[in-house]
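Trainee: For reference, the structure I am asking about is given below.
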Ligand SMILES: NC(=O)c1ccc[n+]([C@@H]2O[C@H](COP(=O)([O-])OP(=O)(O)OC[C@H]3O[C@@H](n4cnc5c(N)ncnc54)[C@H](OP(=O)(O)O)[C@@H]3O)[C@@H](O)[C@H]2O)c1
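In this note's numbering, the protein residues as written are 104 to 420.
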């Protein structure tokens with residue numbers, strides 16, 4: 104299916120910006136729905152003049168969501184919050200926001216809805232408030248738009264990502280690199296460009312309607328292996344020290360008083376669990392996307408954390 108017009112909610116975010124670029128490259132007109140236009144500026148140059156258009160929308164205001172989605176053939180939900188602050192609650196943004204998007208897509212005549220969720224969002228028994236809201240969001244999307252396609256990525260990496268940049272930043276300043284627990288939980292990082300390609304592929308393939316995909320990169324790592332990889336990449340030799348999860352949870356609670364908490368108690372909970380795709384669930388391959396390795400991409404953005412700067416490495420010739 105050729106896509107003419109798409110609305111990307113969360114188009115100003117890390118994942119959303121890549122999704123906007125991928126749709127623009129595919130020739131679609133893209134409405135970037137965001138709360139603040141200033142944050143959309145970076146995506147305006149993703150297409151021809153007038154191809155990428157910002158629209159103001161707040162998931163907590165269903166009327167604005169309806170206006171942003173009206174007449175779009177494809178509606179993507181790439182919005183979310185990593186922690187709760189003031190009116191930005193998991194229930195309001197993830198669950199009620201997903202319901203508003205599904206309803207707006209249906210009312211606006213959309214053919215496809217692509218909902219970016221996360222691995223673990225099928226765990227109805229989870230006591231983690233973040234995961235519970237992701238479960239609720241999937242339910243709300245399907246209730247309002249049963250033919251929605253759900254994509255559940257593992258941790259996403261790429262320039263401006265949260266996890267790899269944060270680890271590298273800590274490694275440049277702290278005497279050691281802390282890990283949650285023993286660091287043996289597993290993760291399968293997916294490149295943000297591959298996730299964006301998966302969104303476009305799902306949107307263009309009608310047979311993916313109503314399906315759930317679990318998306319991960321080509322390799323499974325433990326968090327301890329990820330820490331070693333980051334240290335190697337930035338050329339720093341620091342001890343990697345496991346901090347008991349209970350202690351990190353207390354740190355996460357305290358950090359939630361900061362304007363932008365570096366970690367929250369909910370995130371500590373996530374870092375103690377495996378975050379890998381399950382065998383037998385459709386994934387990148389079924390969407391025709393070849394996964395990119397972490398090793399191929401990390402040097403393009405972590406080099407700035409190298410001791411002595413980006414160019415402090417042996418010349419290849
Ligand atoms: N990054 C990962 O490793 C990862 C892994 C698995 C799943 N995911 C999921 O992928 C989605 C995107 O993640 P991300 O890393 O791109 O997050 P991000 O960089 O924080 O972007 C989140 C986006 O959501 C928007 N948003 C938040 N509250 C909103 C509201 N009330 N109304 C409208 N827009 C709102 C933000 O816009 P404002 O600037 O206006 O706040 C921003 O554009 C999330 O659902 C996340 O859970 C991410």
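We put the beta carbon where it would ideally sit given N, CA and C, even for glycine. It should be emphasised that the depicted structure is a prediction, and the values quoted were computed from it without experimental measurement.
If you compare alpha carbons, which of 202, 215 and 369 is closest to residue 186?
Mentor: When each option's Cα is compared against that of residue 186, the closest is 369.
Trainee: Put residue 136 into one of helix, strand or coil per three-state DSSP.
Mentor: The answer is strand: DSSP assigns residue 136 an E or B state.
Trainee: Distance, Cα to Cα, residue 385 vs residue 317?
Mentor: Distance between the alpha carbons of residue 385 and residue 317 is about 6 Å.
Trainee: Under the criterion of a Cβ to heavy atom distance below 7 Å, does residue 170 qualify as lining ligand 1?
Mentor: Not so, every heavy atom of ligand 1 lies at least 7 Å from the Cβ.
Trainee: Within 10 Å of its beta-carbon, does residue 293 have 16 or more other beta-carbons around it, so buried, or fewer, so exposed?
Mentor: When all chains shown are included, residue 293 counts as buried.
Trainee: Under three-state DSSP, which class holds residue 316?
Mentor: Looking at residue 316 - three-state DSSP - the assignment turns out to be strand.
Trainee: The alpha helix (DSSP H) that contains residue 144, what's its start and end?
Mentor: Here the alpha helix (DSSP H) through residue 144 covers 144-147.
Trainee: Which runs of the beta strand (DSSP E), 3 residues or longer, sit entirely within the stretch 147-219?
Mentor: Qualifying beta strand (DSSP E) stretches, in chain order: 155-159, 177-180 and 215-219.
Trainee: For residue 290 versus residue 267, is the C-beta spacing smaller than 8 Å?
Mentor: No, they are not a contact pair.
Trainee: Mind checking residue 238: buried by the 16 CB within 10 Å criterion, or exposed?
Mentor: It is buried - the Cβ of residue 238 has at least 16 other Cβ atoms within 10 Å.
Trainee: Sorry if obvious, but does the Cβ on residue 205 come closer than 7 Å to a heavy atom of ligand 3?
Mentor: Judged by which ligands are present, ligand 3 is missing from the structure shown, whose ligands are ligand 1.
Trainee: What three-state label does DSSP hand residue 252 in the structure shown?
Mentor: Residue state, collapsed to three classes: strand.
Trainee: Buried or exposed for residue 299, please, with buried defined as at least 16 other CB atoms from any protein chain shown within 10 angstroms of its CB.
Mentor: Classification for residue 299: buried.
Trainee: If I'm right that residue 122 touches residue 392 with Cβ under 8 Å, what's the distance once you round it to whole angstroms?
Mentor: The pair is not a contact, with the Cβ atoms about 13 Å apart (cut-off 8 Å).
Trainee: Beta-carbon within less than 8 Å of residue 401's beta-carbon, same chain only, minus the 5 sequence neighbours each way: which residues are those?
Mentor: If we look at residue 401 and ignore the five residues flanking it on each side, its Cβ neighbours are 260, 267, 332, 333 and 336.
Trainee: What alpha helix (DSSP H) runs, 4 residues minimum, are completely inside the stretch 291-371?
Mentor: If we require 4 residues or more, the alpha helix (DSSP H) runs fully inside the stretch 291-371 come out as 295-307, 326-336 and 348-358.
Trainee: Residues in its own chain within less than 8 Å of residue 307 by CB, not counting five upstream and five downstream?
Mentor: Correct list, in chain order: 104, 105, 106 and 129.
Trainee: Pairs of beta-carbons, one from the stretch 349-367 and one from the stretch 173-183, closer than 8 Å: are there three or more?
Mentor: Contact between the stretch 349-367 and the stretch 173-183 is absent, because fewer than three Cβ pairs lie under 8 Å.
Trainee: For residue 382, does the count of other Cβ atoms within 10 angstroms reach 16, so buried, or fall short, so exposed?
Mentor: Residue 382 should be labelled exposed.
Trainee: Could you please give me the residues that DSSP links to residue 110 through a beta bridge?
Mentor: Paired residues: 134 and 178.
Trainee: At which residues does the alpha helix (DSSP H) containing residue 222 begin and terminate?
Mentor: Note, residue 222: premise wrong, no alpha helix (DSSP H); not H, not E.
Trainee: State the beta-bridge partners of residue 378 as determined by DSSP.
Mentor: DSSP output for residue 378 lists 290 as bridge partner(s).
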